[in-house]
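The structure under discussion appears below in the form of structure tokens.
Protein chains: 2
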Amino acid sequence: MIGYRKSISSENFLQAYSPVQQDYLPENFAIATTDEVDSAVMQAENAFATYKACSPEQKANFLETIAEEINSLGDALIARAMLETGLPEARLLGERGRTTGQLKLFADLLREGSWVEAVIDEALPDRKPLPRSDLRKMLVPIGPVVVFGASNFPFAFSTAGGDTAAAFAAGNPVIVKAHESHLGTNEMIGSAIKTAALKCNMPDGIFSFVVGEGPVTGMQLVKHPGVKAIGFTGSYKAGMAIYKAAVNEREVPVPVYAEMSSINPVLILPQRLKAASATVATQLAGSVTLGVGQFCTNPGLMFLMNDENAEVFINELKEKLLAAPAGTMLNKNVCNNYYEAKNKVSKEAGVAVLFEGDNVSGTVKGTAALLKVNAADFISNPQLQTEIFGPSSLVILCNDQSEMLKALQSLHGQLTGTIIGNAEDCNNYKDCIDVLSSKVGRLLYNGVPTGVEVCHAMVHGGPFPATTDARATSVGADSIKRFVRPICLQDCPPEFLPDALKNENPLGLMRKVNGVYTRGSD
Amino acid sequence: MIGYRKSISSENFLQAYSPVQQDYLPENFAIATTDEVDSAVMQAENAFATYKACSPEQKANFLETIAEEINSLGDALIARAMLETGLPEARLLGERGRTTGQLKLFADLLREGSWVEAVIDEALPDRKPLPRSDLRKMLVPIGPVVVFGASNFPFAFSTAGGDTAAAFAAGNPVIVKAHESHLGTNEMIGSAIKTAALKCNMPDGIFSFVVGEGPVTGMQLVKHPGVKAIGFTGSYKAGMAIYKAAVNEREVPVPVYAEMSSINPVLILPQRLKAASATVATQLAGSVTLGVGQFCTNPGLMFLMNDENAEVFINELKEKLLAAPAGTMLNKNVCNNYYEAKNKVSKEAGVAVLFEGDNVSGTVKGTAALLKVNAADFISNPQLQTEIFGPSSLVILCNDQSEMLKALQSLHGQLTGTIIGNAEDCNNYKDCIDVLSSKVGRLLYNGVPTGVEVCHAMVHGGPFPATTDARATSVGADSIKRFVRPICLQDCPPEFLPDALKNENPLGLMRKVNGVYTRGSD
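If you read the sequences in order, they're chains E and R.
Okay, so the first sequence: first residue is 1 according to my numbering, each after it adds one.
Okay, so the second sequence: first residue is 1001 according to my numbering, each after it adds one.
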């Protein structure tokens, strides 16, 4: 879909595979040709000129209309997504609600308006030795944004997901590279966006999606001079290929927000463990197996002291995991990669397999697993930080606090870190918590990392390799900041100032005027 | 200087060259060894653990003490800088004031405190279908920052310049790679920082500087795993080498804020030109020759209509430039590069040299120059966008508005864009202004781009190749945002929350609580 036009120039097609039916689905999706990809970007550039000038209300209305159109797709959307992803109905209903809620959050953010960070320093004509000019600054959109959909969230991180919503909200056109594993879902959502764009009189080219292979179609988009930023959620390998191409293979590098790889360490501290071993085991087992472990926030590492309570806890955890049924995974690749990564890690020095379900061969189903290793082995072997995308976790037993500290220091960057501990634990392990916090985008206490709230305070991001840009979040209100840049206007005549920077503050924004926060007029 | 220790392990030295005396100055500055560079980073990492926990008041006091210590250096500092840079006393006095003012601006920013962008979403335990956790977010420092000093601002963009001040303010230790062209100035300022750090009981390693060649000593810093971000002001070539190394030659890429190359287009619109040709010529000639043209905001391109007023204006501009005396440039390299770049551009197709002073050979002096070309030639030849770092400008004559639009569309990213025009001009040339604004970090009306105010609303940055990161500014309050990242705390027990996120808001910050801006307690 190039702008408002359905374009099929190629004779090459992709089909979606259904992990439920274990077969390809009949529909053909045309692979975009080089010219079609070019057209999508060119139309997006043209649309940008119009769209960036839309009022906050027009953009908010567009986002809300997309949400309505997604809901109008009704049961058919859920049915298709179930077929393509193997995810259960309840989960997909919840994810749809989250996706439309996300669009509405941005609509609210636009109407409130202060996200543009308007800053005004008024002229000081009498200042000595030199007068000060009038200086006013705000965030502005940057142009066409490319979004790579994720397999594990067919709605919330895909065609009309967080990246798309944030880019639209910021004032940019979007081109989605559809994820091969839910092409039908993508097309339905893409059509909903198109209908919404038409209803809201949005310029042709504000949205396109293209179908094709990542290294070909995806890379053409990444390298295209008209593209100004890239959002991606997926594997480390694909994310790094995009990130490096955006820096090395473009005349003008662009920001890449790639969320790639996180194993989400959990620090289980002794007193809390002693007091509530069974509760903690139940909580964590639920989080490890939720959605067949196919969350980027899945708790893949558990650090605990090698004391008398450790064995009790591990046995409880094992029992809970044993009880979890095998679940259909997203696609064959995800399933194969899961077993491969798990087997690879299992064979590393010092790793003991405490429990693993069968590889239910030929069924695209994932079964839970629990591995164990001593901290010394963990510290000396970075291979143990390989992401095992699926319902598996690795317990790291530490002999003392200083070993735990070293193990945490050896960690790569993560989306989340979890602390299971009471107040005394937290005081006793201050240094460990401090190190953990330096590695993560979100630090949570006595909960589970799965379940990412869409709100103002969320950070879904974190130090490399969790993402390529620890300064950003891909969930929540501030994810809009990824697709803007600041501009300063100096001595701009009042009649040419954008509303956000006008003296009279017609939008009623919270602004910083001469260093002071105010909603007042200048 | 490695932390509080003056370390001289190497037998290799650098000397500073004086463009005034046209000879090397006697003092020897030891080149840092690999081990010394390592120590600087290791000590910075250690210092970070202590420094990041300092209160805003402690950090503010540290910054103000640095300003005091710089002032305490008195006339000796100015004398040394004059000798090393050839810059006149008045300019250096002004720049010193700007540098200490910058430190004080950050001290004020820390005391006010809201820059940490505290956001709180309170728990909603009764929400259906799922309760919401308590989520709180703020900006936190990242660790050791490396700063490459600039030759053209020995104070304001060097050892204790904007990058250093911003990194300290954010809560990070700093390692400065001293600029070879003012090694004595660097050592004096470095000592002032050390004295301030000692007076304020700052941890050893909070500040180091190293002397050496960029490709060796500089690159060791860029690739060091302990370094978390890099600030740079200088040439395109050096900036890109740093940027690419930071992405490709590190296990963990880090942000690079390189300010590199800008030729600062000026759009001179017909009605204003007709009404005030002489005034505009005087203003622009002053800006072109200010500081012998050695500003990254020097107006290097002037776009105007090829009408009857163009010739009058060009002649006026030529006369003003003719009257400007040759000025001592920063060093031999800068001077040679100036003449080379100017000669190279002069020889491109269609370029006419309207006026150029002599290459006052052997004197390290730069003389003004004015070149001219037709828009058609400009559009087809990107070589004409080569930065000529010195007192030279290129006039681009456009036959009509659509040609002017095309010429502006062909522009690379810039720090600044200037519009000389009255209200009618601005209305008539809306499209041109819109394109220009998409290329720049700061758009200014009826002024000159040289002179960058240090304030809250400044953006000294811009699209590539002006900088490697258009999201950032290297001048003004928001430059602190380059050296932080957000972290989210979920269900953190109140006693472990940082002050900025406590319910009672003990720091009195402006925060966003449940989506609403407030200075109140929670």
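Yeah, the Cβ is synthetic: ideal placement off N, Cα and C, and Gly gets one too.
Residues that residue i bridges to, as DSSP identifies them
{"i": "ALA1030(R)", "result": "PHE1013(R)"}
{"i": "GLY362(E)", "result": "Answer by DSSP bridge pairing: none, since GLY362(E) is not bridged."}
{"i": "PHE209(E)", "result": "VAL176(E)"}
{"i": "ASP121(E)", "result": "LEU135(E)"}
{"i": "ASP23(E)", "result": "SER18(E)"}
{"i": "LEU1267(R)", "result": "PHE1303(R), ILE1419(R)"}
{"i": "ARG485(E)", "result": "VAL140(E)"}
{"i": "GLN1414(R)", "result": "VAL1440(R)"}
{"i": "LYS372(E)", "result": "ALA352(E), VAL395(E)"}
{"i": "PHE148(E)", "result": "LYS177(E), PHE232(E)"}
{"i": "ALA1258(R)", "result": "PHE1232(R)"}
Cutoff 8 Å: residue i Cβ touching any chain E Cβ
{"i": "CYS1054(R)", "result": "no"}
{"i": "THR1162(R)", "result": "The sequence given here has Gly at residue 1162(R), not Thr. No, its Cβ sits nowhere closer than 8 Å to a Cβ of chain E."}
{"i": "ILE1464(R)", "result": "Checking the displayed sequence, the identity of residue 1464(R) turns out to be Phe instead of Ile. Closer than 8 Å: yes."}
{"i": "LEU1135(R)", "result": "yes"}
{"i": "PRO1253(R)", "result": "yes"}
{"i": "CYS1398(R)", "result": "no"}
{"i": "SER1114(R)", "result": "yes"}
{"i": "THR1386(R)", "result": "no"}
{"i": "SER1548(R)", "result": "Here chain R comprises residues numbered 1001 to 1522, so residue 1548(R) is not present and cannot be evaluated."}
Partners in chain E for residue i, counting only beta-carbon separations shorter than 9 Å
{"i": "CYS1200(R)", "result": "Here the premise fails: no neighbours, minimum Cβ distance about 22 Å."}
{"i": "ALA1407(R)", "result": "In chain order: nothing, as chain E lies at least about 18 Å away."}
{"i": "THR1473(R)", "result": "LYS137, PRO486, CYS488"}
Proximal residues of chain R, C-beta to C-beta of residue i below 8 Å
{"i": "ASN446(E)", "result": "ASP1491"}
{"i": "VAL247(E)", "result": "TYR1243, LYS1244, VAL1247, ASN1248"}
{"i": "ALA107(E)", "result": "Per Cβ cutoff of 8 Å: no residues; ALA107(E) is ~13 Å from chain R at best."}
Other residues of its chain near residue i: CB distance less than 8 Å, five sequence neighbours each side excluded
{"i": "LYS406(E)", "result": "ALA375, ILE379"}
{"i": "ARG1096(R)", "result": "ILE1070, ASN1071, LEU1077, ILE1078, PHE1155"}
{"i": "VAL1312(R)", "result": "SER1277"}
{"i": "ALA245(E)", "result": "MET219, VAL222, LYS223"}
9 Å Cβ cut-off: residues of chain R touching residue i
{"i": "GLY441(E)", "result": "ARG1485, PRO1486, ILE1487, CYS1488"}
{"i": "ILE120(E)", "result": "HIS1456, ALA1457"}
{"i": "ALA423(E)", "result": "PRO1493, GLU1495, PHE1496"}
Residue-chain proximity (residue i, chain R), Cβ-Cβ < 8 Å
{"i": "GLU453(E)", "result": "yes"}
{"i": "VAL222(E)", "result": "no"}
{"i": "ARG132(E)", "result": "yes"}
{"i": "LYS177(E)", "result": "no"}
{"i": "CYS296(E)", "result": "no"}
{"i": "SER235(E)", "result": "no"}
{"i": "SER18(E)", "result": "no"}
{"i": "CYS426(E)", "result": "yes"}
{"i": "THR99(E)", "result": "no"}
Chain-ordered chain E contacts of residue i [CB-CB under 7 Å]
{"i": "PHE1155(R)", "result": "Per Cβ cutoff of 7 Å: no residues; PHE1155(R) is ~16 Å from chain E at best."}
{"i": "MET1510(R)", "result": "TYR517"}
{"i": "ALA1470(R)", "result": "ARG485"}
{"i": "THR1289(R)", "result": "Chain E residues near THR1289(R): none, gap ~18 Å exceeds 7 Å."}
Chain-order list of residues whose beta-carbon lies under 6 Å from that of residue i (same chain, five-residue window excluded)
{"i": "VAL1116(R)", "result": "MET1138, LEU1139, ALA1500"}
{"i": "PRO365(E)", "result": "The question names Pro, but residue 365(E) is Lys in the sequence shown. ALA326, THR328, listed in sequence order."}
{"i": "ALA1167(R)", "result": "VAL1145, VAL1174, PHE1483"}
{"i": "PHE1048(R)", "result": "GLY1143, PRO1173"}
Neighbourhood of residue i by C-beta distance below 7 Å, restricted to the same chain and skipping five residues each side
{"i": "VAL435(E)", "result": "LEU405, LEU408, GLN409"}
{"i": "ALA1169(R)", "result": "LYS1059, LEU1063, PHE1106, LEU1109, LEU1110, ILE1480"}
{"i": "ILE1142(R)", "result": "ASN1172, LYS1228, ALA1229, PHE1483, VAL1484, ARG1485"}
{"i": "ASP425(E)", "result": "LEU269, PRO270, GLN271, ARG272"}
Interface residues of chain R facing residue i [CB-CB closer than 7 Å]
{"i": "SER437(E)", "result": "ILE1487"}
With a threshold of 8 Å, are at least 3 pairs of Cβ atoms found where one atom belongs to the region 105-114 of chain E and the other to the region 193-205 of chain E? With a cut-off of 8 Å, the region 193-205 of chain E and the region 105-114 of chain E do not count as touching, because too few Cβ pairs lie within range.
Are at least three pairs of beta-carbons, each pair with one atom in the region 511-518 of chain E and one in the region 1012-1019 of chain R, less than 8 Å apart? Touching, no.
At least three beta-carbon pairs within less than 8 Å, the region 238-255 of chain E to the region 284-299 of chain E: Between the region 238-255 of chain E and the region 284-299 of chain E, the count of Cβ pairs shorter than 8 Å is below three; the stretches do not touch.
Determine, using beta-carbon pairs with one atom in the region 300-312 of chain E and one in the region 119-131 of chain E, whether at least three such pairs fall under 8 Å. Verdict: no, contact absent.
The region 1408-1427 of chain R / the region 1324-1342 of chain R touching (three or more Cβ pairs under 8 Å): Contact fails: fewer than three Cβ-Cβ distances are below 8 Å.
Is the region 1495-1509 of chain R touching the region 1458-1467 of chain R in the sense that three or more CB pairs, one from each, lie closer than 8 Å? Touching, no, given that fewer than three Cβ pairs across the two stretches are closer than 8 Å.
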